[in-house]
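**Q** There's a structure below that I have some questions on.
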Amino acid sequence: MKLIGVTGGVGSGKSEILRYLQTTYNCRILMADDAARALEAPGGGIYEDLIALLEEYPGTEPITHPDGQINNPEMARRIFSNPALRERVNQMVHPAVKIYALDEYKKEREAGRIDFFVLEAALLIEAGYTADMDSLWYIYCNADERRRRLRASRGYSDEKIDNIMKSQLSEEIYRKNADVVIDNSGDLAVSCRQVDEALQKMGYMPKKQ
5 MKLIGVTGGV GSGKSEILRY LQTTYNCRIL MADDAARALE APGGGIYEDL
55 IALLEEYPGT EPITHPDGQI NNPEMARRIF SNPALRERVN QMVHPAVKIY
105 ALDEYKKERE AGRIDFFVLE AALLIEAGYT ADMDSLWYIY CNADERRRRL
155 RASRGYSDEK IDNIMKSQLS EEIYRKNADV VIDNSGDLAV SCRQVDEALQ
205 KMGYMPKKQ
């Protein structure tokens, strides 16, 4: 059972590709953000350590709600107003997410219920996942279309889009690290055909409907 990593810049349409994979193939999809939320929830692997770290940097509101859940807006305020805290949080969260994701992959491989496992992460390359992947996919979309999508779907300003894009890897680095490039700049059906072709080369066919 192969482990496929999916990454790409903001607005590239990764979610659409993942939905197609989920509905068309016998696979499991794990998004790194979902793994992080599980780890940060009460009882999660890094919950107590993360709370202790965040409490070292007082904010305007309590860091947890009465039910114990992390106050995410308050956590975001503390993290983004303090580069030192942001770095310490990243050093805690990213390795924990990687361990969690690879452990989930191993469980699925041992269970033998699916054909392949997909891990989506915006920081797949930066966080050092490349050596663990059987195949790394880059979901490409041209910058103009990404900007259009982000303005339409999220209401982002041009300034915010600029700042996000500048913080992400260049297309050159994505392509250098990718085994498969899916061009998702146009019609989704065209992108899905590229997905099918890539998976067929790996020996995977759509599940029977």
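Position 145 of the sequence shown, counting from 1, maps to 149 under this note's numbering, and the rest follow consecutively.
A virtual CB, placed ideally from N, CA and C, is assigned to each residue, including glycine.
For clarity, every value in this text was computed on a predicted model and none was experimentally measured.
1) Residues in its own chain within less than 6 Å of leucine 7 by CB, not counting five upstream and five downstream?
2) By DSSP, does valine 14 sit in helix, in strand, or in coil?
3) Within this structure, are the beta carbons of glycine 9 and glutamine 172 separated by less than 8 Å?
4) Please tell me whether alanine 39 and valine 93 are closer than 8 Å, where the distance is taken between their beta carbons.
5) Per DSSP, what kind of secondary structure is aspartate 187 in: helix, strand or coil?
6) Measuring CA to CA, which of Asp53, Asn76 and Leu54 is closest to threonine 64?
7) Tell me which residue opens and which closes the beta strand (DSSP E) that arginine 32 is part of.
8) Compare the Cα-Cα distances from alanine 88 to each of Thr68, Tyr61, Ile67 and Glu149 and report the closest residue.
9) What did DSSP end up calling tyrosine 24 once you bin it into helix, strand or coil?
10) I need the DSSP call for tyrosine 160, collapsed to helix, strand or coil.
11) How would you call glutamate 59, buried or exposed, if buried means at least 16 neighbouring beta carbons within 10 angstroms?
12) Could you tell me if threonine 27 is buried or exposed, where buried requires 16 or more neighbouring beta carbons within 10 angstroms of its beta carbon?
13) Does the region 199-213 come close enough to the region 18-38 to have 3 or more Cβ pairs within less than 8 Å?
14) Beta carbon of proline 99, beta carbon of glycine 72: below 8 Å?
15) Can you name the residues that DSSP bridges to valine 122?
16) So if DSSP puts threonine 64 in a beta bridge, which residue, or which two residues, is it bridged to?
17) Name the DSSP bridge partner or partners of isoleucine 177?
**A** Judging by the given coordinates:
1) Tyr109, Phe121, Met137 and Asp138
2) coil
3) no
4) no
5) strand
6) Asn76
7) 31-35
8) Tyr61
9) helix
10) coil
11) exposed
12) exposed
13) yes
14) no
15) Ile8 and Ile33
16) DSSP output for threonine 64 lists no bridge partner at all.
17) None; isoleucine 177 has no bridge partner.
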